[in-house]
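For reference, the structure is listed below as structure tokens.
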Amino acid sequence: MRGHGFLLANYVPGTSLVHRAPLWLKFLLVLGSGLASFLVVDWLVSAMVLAVLCGVFLLTGAGPLRLLGAVRPLALVLLVIGLFQWWQLGAPTAARIVLNILVCVVAASLLTATTPMQRLLDGVASLAAPLRRFGADPERFALTIAIMLRSIPYIAGTFADVRDSARARGLERHPRALVLPVFITTVAFARQTGEALAARGLGEAED
Amino acid sequence: MSVISLSNVGVRVAVDGRPDPKVLLQDITVSLAEQRIGVIGANGSGKSTLLRLMNGLVVPTSGTVTVNGLDTVRKVRPVRQQVGFVFTDPLSQLVMPTGREDVELSLRRSVRKGDERRRLAEAALDRFSLLPLADQSIYELSGGERQLMALAAVLAVNPTVLVLDEPSTLLDLRNRELLRRTLSGLDQQIVMSTHDLDLALEMDRVLVVEAGRIAFDGDAAAAVEHYRSLCATDVAAP
Chain A
2 MRGHGFLLAN
12 YVPGTSLVHR
22 APLWLKFLLV
32 LGSGLASFLV
42 VDWLVSAMVL
52 AVLCGVFLLT
62 GAGPLRLLGA
72 VRPLALVLLV
82 IGLFQWWQLG
92 APTAARIVLN
102 ILVCVVAASL
112 LTATTPMQRL
122 LDGVASLAAP
132 LRRFGADPER
142 FALTIAIMLR
152 SIPYIAGTFA
162 DVRDSARARG
172 LERHPRALVL
182 PVFITTVAFA
192 RQTGEALAAR
202 GLGEAED
Chain B
-12 MSVISLSNVG
-2 VRVAVDGRPD
8 PKVLLQDITV
18 SLAEQRIGVI
28 GANGSGKSTL
38 LRLMNGLVVP
48 TSGTVTVNGL
58 DTVRKVRPVR
68 QQVGFVFTDP
78 LSQLVMPTGR
88 EDVELSLRRS
98 VRKGDERRRL
108 AEAALDRFSL
118 LPLADQSIYE
128 LSGGERQLMA
138 LAAVLAVNPT
148 VLVLDEPSTL
158 LDLRNRELLR
168 RTLSGLDQQI
178 VMSTHDLDLA
188 LEMDRVLVVE
198 AGRIAFDGDA
208 AAAVEHYRSL
218 CATDVAAP
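For the protein sequence lines, the chains are A and B, in the order given.
To convert a position in the first sequence, counted from 1, into the numbering used here, add 1.
Residue 202 in the numbering used here sits at position 215 of the second sequence, with consecutive numbering throughout.
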């Protein structure tokens, strides 16, 4: 299983300025990057923002390999999006869209690479705390984020494994041989994860 | 010592295309109070279902299961606080990217303060000499290290009972030995299913499960002998 191919960079212990920055500031950075992808219309600006974020990422000591590892799984999707947009709307727009997606991914990776998961979950739980008055359980919000971060690389790893086994049987051109096993494995993984959480009493309603 | 009681327990599940439900367990009445209890039996005999009843992961179709008097259906939350469960495949169990994060996840319900959680997680990992591996990806650990990590995550919340579903099945000989030694040093009451008959022989009491029923219940040596004779009969039958 290649589930370790993490889409967002794993936490890297360190003492950089970004590591020590308050969580709300890092949340704002991710939120701002997301918003900027709608507002920025010049691909040069997007490229500059991306360069700055990559520079900051490297200054944290997380390393270029982790940065590359966070972006690499998206390469094929970005290529397809870029080519389609180039054909439809021209090169500058295609470049802007692809660069803006990369800005979001690198900003999110910066957050996950410099923030321990538990601190991230504490932050999500605190953000969701006001929803308690409507009957929501903030811990469940945090747990959902945690499971999502765990599940994305697992499913990506499953896809890689299934693709290899389809190739080994000469079935790489059969969409059903790829999609169906990934679907079944993903459902099984969801059941296993739910069972593992239940066994530990996690995700249950608070008293 | 905790007491796990099953009274007239049956578990049946509906199966697509079959008019009658499939019987996983039937007529199970047993009270478990020994320190180390083994469960052996063939694949598909009902061992895992029996173990899952003790943590409320499986709900009995008939009868009742209690742990220290707490019904596993009506009082599932306190039951799960008392009964830790270790799965065969630790990758099914470890839901966080690293061991430290997973142990801290276990503690989230009981310990609100992040610093305190971190301290307790480190203590739980240190108990099994896992602290140097705490920040490594769970995918980079060996099978034995992963299983110990899963065990540390379960034990971090101090359950009184530890239920283990074939914990040594995926381990090589060295890691099996490591797990065996670790388990022998625990204070918790242990209920463990296994195909490792040497491990079963170390238990205080062993149940042999066959076709959803308890075929034998007694001391380890006699239970293993009974299981061997069952297997020999099955193999000789055709």
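Ideal placement from N, C-alpha and C gives every residue a C-beta, glycine not left out.
Check                                                                                                                                                                                        : Outcome
Any C-beta of chain A within less than 7 Å: which residues of the stretch 53 to 77 of chain B qualify?                                                                                       : Arg64, Arg67, Gln68, Phe72, Phe74
With C-beta atoms as the reference, is B:Leu78 less than 7 Å away from B:Val66?                                                                                                              : no
B:Gln175 CB to nearest chain A CB: under 7 Å?                                                                                                                                                : no
Return the residue from the list B:Arg114, B:Gly101, B:Ala143, B:Tyr126 that minimises the CA-CA distance to B:Asp76.                                                                        : B:Tyr126
Let's test the definition: count the other Cβ atoms within 10 Å of the Cβ of B:Arg133 and tell me whether it reaches 16, buried, or not, exposed.                                            : buried
If you measure between the beta carbons of B:Gln176 and A:Ala197, is that distance less than 7 Å?                                                                                            : no
Can you list, in chain order, the residues of its chain with a C-beta nearer than 8 Å to that of A:Gly6? Leave out the 5 residues immediately preceding and following it.                    : For A:Gly6, the predicted structure reports a pLDDT of 49, less than 50, and the residue's modelled location is therefore unreliable. A value from the coordinates is still provided. The residues are Gly70, Pro74, Pro154, Ala157, Gly158, Ala161.
Locate the alpha helix (DSSP H) running through A:Ala197, then write down its first and last residues.                                                                                       : 176 to 200
Kindly indicate which three-state DSSP category B:Lys34 falls into: helix, strand or coil?                                                                                                   : helix
At a Cβ threshold of 7 Å, is B:Ser80 touching chain A?                                                                                                                                       : It is Gln, not Ser, that sits at residue 80 of chain B in the sequence shown. By this cut-off, B:Gln80 is an interface position.
Tell me whether A:His5 sits in a helix, a strand or coil according to DSSP, three-state version.                                                                                             : Summary for A:His5: the model assigns pLDDT 49, below 50, so the residue's position carries little reliability; its value from the coordinates is reported in the next sentence. DSSP places A:His5 in coil when its eight states are reduced to three.
How many angstroms separate the CA atom of B:Arg105 from the CA atom of B:Arg215?                                                                                                            : 47 Å
Quick one: using the 10 Å Cβ neighbour count with 16 as the cut-off for buried, is B:Glu197 buried or exposed?                                                                               : buried
Whose C-beta lies closer than 8 Å to the C-beta of A:Val41 among residues of the same chain, with five residues either side of it excluded?                                                  : Ser47, Val50, Arg97, Asn101
Between the stretch 20 to 35 of chain B and the stretch 190 to 204 of chain B, can you find at least three pairs of beta-carbon atoms closer than 8 Å?                                       : yes
Within 10 angstroms of its Cβ, does A:Ala189 collect 16 or more other Cβ (buried), or is it exposed?                                                                                         : exposed
Under three-state DSSP, which class holds B:Ser129?                                                                                                                                          : coil
How would you write the range of the alpha helix (DSSP H) that A:Ser34 sits in, first residue to last?                                                                                       : 24 to 40
Rounded C-beta distance between B:Val0 and B:Gly71? I'm assuming under 8 Å.                                                                                                                  : Rounded, the Cβ-Cβ distance is 25 Å, inconsistent with contact.
Which residues in chain A sit within 8 Å of B:Ser155, going by Cβ to Cβ distance?                                                                                                            : Chain A residues near B:Ser155: none, gap ~18 Å exceeds 8 Å.
Tell me the residue span of the beta strand (DSSP E) that contains B:Gln176.                                                                                                                 : 176 to 180
Identify, in the order they occur along the chain, each residue of the same chain with its Cβ nearer than 6 Å to the Cβ of B:Ser35, setting aside the five sequence neighbours on each side. : Asp152
Can you give the Cα-Cα distance for B:Gln123 and B:Ala140, rounded to whole angstroms?                                                                                                       : 15 Å
Roughly how many whole angstroms lie between the Cα atoms of A:Gly124 and A:Val31?                                                                                                           : 14 Å
What residue from A:Thr115, A:Gly35, A:Arg174 has the CA that sits closest to A:Gly64's CA?                                                                                                  : A:Thr115
Near A:Cys55, which residues of its chain fall below 7 Å by C-beta distance, leaving aside the five closest residues on each side in sequence?                                               : Leu68, Val107
According to DSSP, is A:Thr113 part of a helix, a strand, or is it coil?                                                                                                                     : helix
Mind checking B:Gly199: buried by the 16 CB within 10 Å criterion, or exposed?                                                                                                               : buried
Determine the chain A residues that contact B:Arg104 at a beta-carbon separation under 7 Å, and present them in chain order.                                                                 : Gln119
Can you pull the chain A residues whose beta carbon is under 8 Å from the beta carbon of B:Arg167, in chain order?                                                                           : What B:Arg167 touches in chain A: nothing, since even the nearest Cβ is about 22 Å away.
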